[in-house]
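Enquirer:
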Amino acid sequence: MIAYQEFSKADCPEVLAFWRAIAGLGLNPQDDTPAAIGAFLDRNPGFSFIARRDGRVVGALLCGHDGRRGAIYHLAVVADCRKMGIGQTLLQLALDRLKEAGIQRCRLLVLKGNDAAKAYYHHLGWKADTFLNAYSKQLSPAD
Numbered sequence: 001m002i003a004y005q006e007f008s009k010a011d012c013p014e015v016l017a018f019w020r021a022i023a024g025l026g027l028n029p030q031d032d033t034p035a036a037i038g039a040f041l042d043r044n045p046g047f048s049f050i051a052r053r054d055g056r057v058v059g060a061l062l063c064g065h066d067g068r069r070g071a072i073y074h075l076a077v078v079a080d081c082r083k084m085g086i087g088q089t090l091l092q093l094a095l096d097r098l099k100e101a102g103i104q105r106c107r108l109l110v111l112k113g114n115d116a117a118k119a120y121y122h123h124l125g126w127k128a129d130t131f132l133n134a135y136s137k138q139l140s141p142a143d
């Protein structure tokens, strides 16, 4: 049986280790630390979720919003538990919370080479944005 729960700061080390073991998930060593994820969860309580099977993390989703738009930052399910609806359930939990908060649109990012994720989200009704390019700027020195 799969148990779903809100992602808490106490879960950060376990979830980060889980995400690091997932091929195709892009983590940033500056932004994806227990302290940084914990601070994100403090600013966005109740929007991120984990799935456990027999006590082990088998899926995790990091979600938040800026008051206007929702954002899914990370979603992963362990290979031996895929095609069981875990990812879809995690997404729906987050999207329901965003709707409750009055957020009407959600965005997510997929690494360019991750064709499996692109197909997955397309299957779930997500549309690729064709009207924008994403840019970023480093604000502090990279370690």
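All residue numbers for the sequence shown refer to full-length UniProt numbering, where the first residue is 1 and numbers rise by one. By construction, the Cβ of each residue, glycine as well, lies at the ideal position given by its N, Cα and C atoms.
1) To the nearest angstrom, how far is it from the Cα of Glu6 to the Cα of Arg105?
2) Counting only the same chain and skipping the five closest in sequence on each side, list residues whose C-beta sits under 6 Å from that of residue 144.
3) Do Ile22 and Met84 have their C-beta atoms within less than 9 Å of each other?
4) Use the C-beta contact count for Tyr135: other C-beta atoms within 10 angstroms, 16 or more gives buried, fewer gives exposed.
5) Pick from Arg43, Leu62 and Ala39: whose alpha carbon is nearest that of Leu27?
6) Is Leu16 closer than 9 Å to Pro45 when the C-beta atoms are compared?
Expert: Quick answer:
1) By one-based count along the sequence shown, residue 6 stands at place 6. By one-based count along the sequence shown, residue 105 stands at place 105. Using only the alpha carbons, I get a separation of about 21 Å.
2) Since the displayed the chain opens at 1 and closes at 143, residue 144 lies outside it and no answer follows.
3) Taking the first residue of the sequence shown as 1, we reach residue 22 at position 22. Taking the first residue of the sequence shown as 1, we reach residue 84 at position 84. Result no, Cβ atoms of Ile22 and Met84 do not sit closer than 9 Å.
4) By one-based count along the sequence shown, residue 135 stands at place 135. With fewer than 16 Cβ atoms within 10 Å of its Cβ, Tyr135 is classed as exposed.
5) Taking the sequence shown and counting its residues from 1, the one referred to as residue 27 is at position 27. Selected option, being the one with the closest Cα: Leu62.
6) Numbered from its first residue, the sequence shown carries residue 45 at position 45. Numbered from its first residue, the sequence shown carries residue 16 at position 16. Not closer than 9 Å, so no.
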